[in-house]
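Participant: If you count by numbering that gives the first Met the number 0, then the sequence shown holds residues 0 to 333, one letter each, in order. Even for Gly, the Cβ is constructed at its ideal location relative to N, Cα and C.
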Amino acid sequence: MNAERIALILGTILLTPLNAQQNLETDFRMTGRTTLAAFEAQRQVLQQSSAVISIGQKEIAYGVVVSADGHVLTKAGELREKEQLTVTINRQRFDKADVISTNEEWDVALLKVDATNLVPVTYASETDIPQGTWVVVNGATSRTQRRANIGMISAKPREIHPSGGLALGIVIKNLSKRLEIEKVTPGGGADEAGLKAGDVIVAVGDKPLSNIEELSAALVQRKAGDKARITFSRAGKTFTSDVRLTAKTELFDISANRNDEMSGDYSKRRSGFPRVIQHSVMGNSQTMGGPVIDLNGHCVGMNIARASRAETFAIPSAEMKQLVERMIDHQSKR
């Protein structure tokens, strides 16, 4: 379908009075057959250049094809049993997908499948996408067909600060003069770094600590994914370790607010990103990781978090391109 047809259909939807939109013929609604047919060219881009990430028969995320020889970028937070990942690109299924690199700051993983002649996305040249720009992303998929969902950019690019603060993944005993660890949270940065219950934290970097307020102050300017050099004592000996910082919402069961309860399935991590674009396309945690396509078929970003019932965040294409280049370059030098 040409640009004039798309404009006509979208104009019909937008200009129809609100009371009449409720009775709009099914085929002309946002997910109607006639409306989606106008976006067949963009759907074909999704068909060739997006990936479906699965564990067994369960789809867990989408991905973006970023090289002809099998590199796929996806959302790291949805990956679990990594050795069992399979990837479907277009109609070809790859039963072995290796996680070759991850980036905690952006919550992304770079996968590699044994492939040649794939069709990577074409990055958009625009770095600031105006509000109201129409975009197309992966909707519900089938084994062989990518499907399109349409929406628009709904907010200016911005940083999303960590919600609920940052965590080392520890619980401190209620002691006033030292920071003794009472519990280490499984899967947190402290657990990964080898800290244990009974260890006493004495410094962050070169700053000595004696209480929880000083520990909080030492971490306040950092971001999720950063690593803090922690000095701690154990059985009379002193050790140092780099501990990954995590948004508290990722580690602890923080009660959902009313908006969350109305939102349905949202991403476990949906904050702590350096810069995002926001769009209105509906989705859930399993539909993150795929490309965001403009009407020219160019990639303006990658979906990184379903944040609420009205917000989906995406990594902008400029940052995404740089991230991919760094991850591939780093891997090639190992």
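Which of helix, strand or coil does DSSP assign to Ser-48?
Facilitator: Here residue 48 refers to the residue found at position 49 of the sequence shown. Ser-48 falls in the helix class under three-state DSSP.
Participant: Please classify Val-219 as buried or exposed, where buried requires at least 16 neighbouring CB atoms within 10 angstroms.
Facilitator: Indexing the sequence shown from 1 puts residue 219 at position 220. When all chains shown are included, Val-219 counts as exposed.
Participant: How about Asn-346 and Val-136: are their beta carbons less than 8 Å apart?
Facilitator: Since the displayed the chain opens at 0 and closes at 333, residue 346 lies outside it and no answer follows.
Participant: Check for me: the beta strand (DSSP E) holding Val-134 runs from which residue to which?
Facilitator: Within the sequence shown, residue 134 is the residue found at index 135, counting from 1. First-last of the beta strand (DSSP E) with Val-134: 133-137.
Participant: Could you name the residues that DSSP lists as bridge partners for Arg-274?
Facilitator: Sequence index remark: in the sequence shown, residue 274 carries index 275 (1-based). Its beta-bridge partners do not exist; DSSP assigns none.
Participant: Are Gly-55 and Gln-83 touching if we call contact CB-CB under 8 Å?
Facilitator: Locating residue 55 in the sequence shown gives position 56, counting from the first residue. Locating residue 83 in the sequence shown gives position 84, counting from the first residue. Yes. Within cutoff.
Participant: Could you pull the start and end residues of the alpha helix (DSSP H) that Asp-190 belongs to?
Facilitator: By one-based count along the sequence shown, residue 190 stands at place 191. Run containing Asp-190: 188-192, per the alpha helix (DSSP H) assignment.
Participant: Can you tell me which of Gly-138, His-70, Ser-232, Lys-74 puts its alpha carbon nearest to the alpha carbon of Gly-193?
Facilitator: Stepping through the sequence shown from its first residue, residue 193 is reached at position 194. If we check each option's Cα against that of Gly-193, Ser-232 comes out closest.
Participant: List the residues that DSSP assigns as beta-bridge partners of Pro-156.
Facilitator: Numbered from its first residue, the sequence shown carries residue 156 at position 157. Pro-156 pairs with nothing; no bridge assigned.
Participant: Applying the criterion that 16 or more other CB atoms from any shown protein chain within 10 Å of the CB defines a buried residue, is Lys-332 buried or exposed?
Facilitator: Residue mapping note: residue 332 aligns to position 333 of the sequence shown, counting from 1. The residue in question, Lys-332, is exposed, as its Cβ has fewer than 16 Cβ neighbours within 10 Å.
Participant: Suppose the cutoff is 6 Å on Cβ atoms and the five residues either side in sequence are ignored; what does the same chain contact list for Thr-230 look like?
Facilitator: What you label residue 230 is simply residue 231 of the sequence shown in a count that begins at 1. Closer than 6 Å at the Cβ level, and outside the excluded window around Thr-230, lie Val-201, Ala-202, Thr-239.
Participant: For Gln-91, which of helix, strand or coil comes out of DSSP?
Facilitator: Counting from one through the sequence shown, the residue named residue 91 turns up at place 92. It is a strand residue.
Participant: Look at the alpha carbon of Val-112 and the alpha carbon of His-70, and state the distance between them as a whole number of angstroms.
Facilitator: What you label residue 112 is simply residue 113 of the sequence shown in a count that begins at 1. What you label residue 70 is simply residue 71 of the sequence shown in a count that begins at 1. So the alpha carbons of these two residues sit roughly 7 Å apart.
Participant: So, do the stretch 297-316 and the stretch 122-142 have three or more beta carbon pairs nearer to each other than 8 Å?
Facilitator: These segments touch.
Participant: Note down the Cα distance separating Val-134 from Thr-34, rounded to an integer number of angstroms.
Facilitator: For the purposes of this step, residue 134 is taken as the residue at position 135 of the sequence shown. For the purposes of this step, residue 34 is taken as the residue at position 35 of the sequence shown. If you take the alpha carbons of Val-134 and Thr-34, they lie about 13 Å apart.
Participant: According to DSSP, Tyr-122 sits in a beta bridge with which residue or residues?
Facilitator: Taking the sequence shown and counting its residues from 1, the one referred to as residue 122 is at position 123. DSSP lists Cys-298 as partners of Tyr-122.
Participant: Output yes or no for whether 8 Å exceeds the beta carbon distance between Thr-311 and Gln-277.
Facilitator: Locating residue 311 in the sequence shown gives position 312, counting from the first residue. Locating residue 277 in the sequence shown gives position 278, counting from the first residue. Yes, the pair counts as a contact, with Cβ atoms nearer than the cut-off.
Participant: Go ahead and label Gly-235 buried or exposed: buried means 16 or more other beta carbons lie within 10 angstroms of its beta carbon, across all protein chains shown.
Facilitator: Indexing the sequence shown from 1 puts residue 235 at position 236. Exposed, by the Cβ-count rule.
Participant: Please state if the CB of Ala-166 and the CB of Gly-197 are separated by a distance shorter than 8 Å.
Facilitator: In the sequence shown, counting from the first residue as 1, residue 197 sits at position 198. In the sequence shown, counting from the first residue as 1, residue 166 sits at position 167. Cβ distance not < 8 Å, so Gly-197 and Ala-166 don't count as in contact.
Participant: Return the CA-CA distance between Thr-140 and Gly-224, expressed in angstroms with no decimal places.
Facilitator: The sequence position of residue 140 within the sequence shown is 141, counting from 1. The sequence position of residue 224 within the sequence shown is 225, counting from 1. Near 31 Å, if we compare the C-alpha coordinates of Gly-224 and Thr-140.
Participant: Mark Ser-266 as exposed unless 16 or more other C-beta atoms lie within 10 angstroms of its C-beta, in which case mark it buried.
Facilitator: Looking up residue 266 in the sequence shown gives position 267. Looking at its Cβ environment, which holds 16 or more other Cβ atoms inside 10 Å, Ser-266 is buried.
Participant: In terms of alpha-carbon separation, which member of His-160, Tyr-61, Leu-78 lies closest to Met-287?
Facilitator: Along the sequence shown, read from residue 1 onward, the residue named residue 287 stands at position 288. For the residues His-160, Tyr-61, Leu-78, the minimum Cα distance to Met-287 belongs to Tyr-61.
Participant: How would you call Thr-25, buried or exposed, if buried means at least 16 neighbouring beta carbons within 10 angstroms?
Facilitator: Indexing the sequence shown from 1 puts residue 25 at position 26. Thr-25 comes out exposed.
Participant: I think Leu-244 touches Arg-269, with their Cβ atoms under 8 Å apart; what is that distance to the nearest whole Å?
Facilitator: Along the sequence shown, read from residue 1 onward, the residue named residue 244 stands at position 245. Along the sequence shown, read from residue 1 onward, the residue named residue 269 stands at position 270. Their Cβ separation, rounded to whole angstroms, is 17 Å, which puts Leu-244 and Arg-269 out of contact at 8 Å.
Participant: Between the C-alpha atoms of Asp-97 and Ala-67, what's the straight-line distance to the nearest angstrom?
Facilitator: Locating residue 97 in the sequence shown gives position 98, counting from the first residue. Locating residue 67 in the sequence shown gives position 68, counting from the first residue. Whole-angstrom Cα-Cα distance: 16 Å.
Participant: Excluding sequence positions up to five away, which residues of its chain have a Cβ less than 8 Å from the Cβ of Lys-320?
Facilitator: Along the sequence shown, one-based indexing puts residue 320 at 321. Excluding residues within five positions, the ones whose Cβ falls inside 8 Å are Tyr-122.
Participant: With a threshold of 8 Å between beta carbons, is Pro-156 in contact with chain B?
Facilitator: Within the model displayed, chain B is absent; a lone protein chain is all it includes.
Participant: Classify Ser-215 as buried or exposed, calling it buried when 16 or more other Cβ atoms lie within 10 Å of its own Cβ.
Facilitator: In the sequence shown, the residue the question calls residue 215 occupies position 216. Ser-215 is exposed by the Cβ-count criterion.
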